[in-house]
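Notes to accompany the following structure.
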Amino acid sequence: MNDPSSRLLEESPDAIASRLIQKAHNRDGLPEIAIGLCFLTVAATMWMQVVFHPGSAGYTAGFWSSALLVPAMILGSQWAIKKVRRHFLIEKEGYVEFKPVNRKQSAIVAGIALVIAVLAAIAGYKGAFPPSGWILAGTGIGGGVLAALSGRLPRYVVGGVVMALTGILVAFSRVSLTVGFTILYGFMGLLSLLSGCVVFLLFMRQPAQARE
Numbered sequence: 000m001n002d003p004s005s006r007l008l009e010e011s012p013d014a015i016a017s018r019l020i021q022k023a024h025n026r027d028g029l030p031e032i033a034i035g036l037c038f039l040t041v042a043a044t045m046w047m048q049v050v051f052h053p054g055s056a057g058y059t060a061g062f063w064s065s066a067l068l069v070p071a072m073i074l075g076s077q078w079a080i081k082k083v084r085r086h087f088l089i090e091k092e093g094y095v096e097f098k099p100v101n102r103k104q105s106a107i108v109a110g111i112a113l114v115i116a117v118l119a120a121i122a123g124y125k126g127a128f129p130p131s132g133w134i135l136a137g138t139g140i141g142g143g144v145l146a147a148l149s150g151r152l153p154r155y156v157v158g159g160v161v162m163a164l165t166g167i168l169v170a171f172s173r174v175s176l177t178v179g180f181t182i183l184y185g186f187m188g189l190l191s192l193l194s195g196c197v198v199f200l201l202f203m204r205q206p207a208q209a210r211e
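Quick note on numbering that gives the first Met the number 0: the sequence shown kicks off at 0 and runs consecutively.
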């Protein structure tokens, strides 16, 4: 029999603590909002490379924004979340500041996201990769797995599955690589942003005792 209490006893204290910290870190929706904004920014910069001709000012601006602005947003998102919590949620809503998430895990997640963003920018600017469906499908599946593992919550797992399926569907649509990345990141950014906003609003409506 699969007794939840017996499974809990079999877990190590470090695993239990890690799971609880991760759950607490994601309970206000701010990480999802940050991810959504980063994805939407990627989509916007990729779209600039679709609507503007290669070599034009708009095309070049889209490339450099994707190569420089997006990595800066990814690396600065944790700092921004911590500042928002410290200056607004703690003082006005009685929010508790949590123990930081494992730095090694955060560095791995940020590194993978950074590589994906840079490769997408280079692919769109240089045309280094052919508009092959496996690139889009691989990005969707890889990003979905990354979301499920890093979030460790049901809504992150659902989001990861949706991202994987979106990547596969976009791959079968036979659009260009740049358009495919625009659709994939735009859809997932909007979904993550909406999910984060809903979680944040529900969190803010909870009594202070329920958040402790």
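Every residue, glycine too, gets a C-beta built ideally from N, C-alpha and C.
Item to complete: Give the straight-line distance between the Cα atoms of Gly-188 and Ile-34, rounded to the nearest whole angstrom.
Response: Mapped onto the sequence shown, residue 188 falls at position 189. Mapped onto the sequence shown, residue 34 falls at position 35. Their backbone Cα atoms lie some 7 angstroms apart in a straight line.
Worksheet item: So, is Arg-84 buried or exposed, given that buried needs 16 or more other C-beta atoms within 10 angstroms?
Response: Here the question's residue 84 lines up with position 85 in the sequence shown. With 16 or more Cβ atoms within 10 Å of its Cβ, Arg-84 is classed as buried.
Worksheet item: What residue does the alpha helix (DSSP H) around Val-174 start on, and which one ends it?
Response: Looking up residue 174 in the sequence shown gives position 175. Where Val-174 is concerned, there is no enclosing alpha helix (DSSP H), given that its DSSP letter is neither H nor E.
Worksheet entry | Residue burial classification, Ser-75 (beta-carbon count within 10 angstroms, cutoff 16) | Taking the first residue of the sequence shown as 1, we reach residue 75 at position 76. The sequence shown places Gly at residue 75, not Ser. Flag for Gly-75 reads exposed.
Discussion item. Let me confirm a value: Val-197 is counted as buried when at least 16 other C-beta atoms fall within 10 Å, else exposed. Which label applies?
Written reply: Stepping through the sequence shown from its first residue, residue 197 is reached at position 198. That one is exposed.
Discussion item. Checking 8 angstroms against the spacing of the C-beta atoms, do Ile-80 and Cys-37 come in under that value?
Written reply: Taking the sequence shown and counting its residues from 1, one reaches residue 80 at position 81. Taking the sequence shown and counting its residues from 1, one reaches residue 37 at position 38. In this structure, Cys-37 does not lie closer than 8 angstroms to Ile-80 by Cβ.
Worksheet entry | Under the three-state DSSP convention, the category Leu-152 falls into | Translated into the one-based positions of the sequence shown, residue 152 becomes position 153. Coil.
Discussion item. What does the alpha-carbon distance come out to for the pair Pro-206 and Leu-193?
Written reply: Taking the first residue of the sequence shown as position 1, residue 206 is located at position 207. Taking the first residue of the sequence shown as position 1, residue 193 is located at position 194. Their Cα atoms are separated by approximately 22 angstroms.
Worksheet item: Just to confirm, are Leu-190 and Val-169 a CB contact at a threshold of 8 angstroms?
Response: Looking up residue 190 in the sequence shown gives position 191. Looking up residue 169 in the sequence shown gives position 170. Not closer than 8 angstroms, so no.
Item to complete: Give me the Cα-Cα distance between Met-47 and Leu-200, rounded to the nearest whole angstrom.
Response: Indexing the sequence shown from 1 puts residue 47 at position 48. Indexing the sequence shown from 1 puts residue 200 at position 201. Each residue's alpha carbon lies about 32 angstroms from the other.
Worksheet entry | Cβ neighbour criterion (16 or more within 10 Å) applied to Ala-163 | As a position in the sequence shown, residue 163 is number 164, starting the count at 1. Buried.
Worksheet item: Roughly how many angstroms lie between the CA atoms of Ala-147 and Ser-64, to the nearest whole one?
Response: By 1-based counting over the sequence shown, the position of residue 147 is 148. By 1-based counting over the sequence shown, the position of residue 64 is 65. Rounded to whole angstroms, Ala-147 to Ser-64 spans 27 angstroms at the Cα level.
Item to complete: Provide the residue span of the alpha helix (DSSP H) that contains Leu-29, from first to last.
Response: The residue labelled residue 29 in the question sits at position 30 within the sequence shown. Start and end: 29-50.
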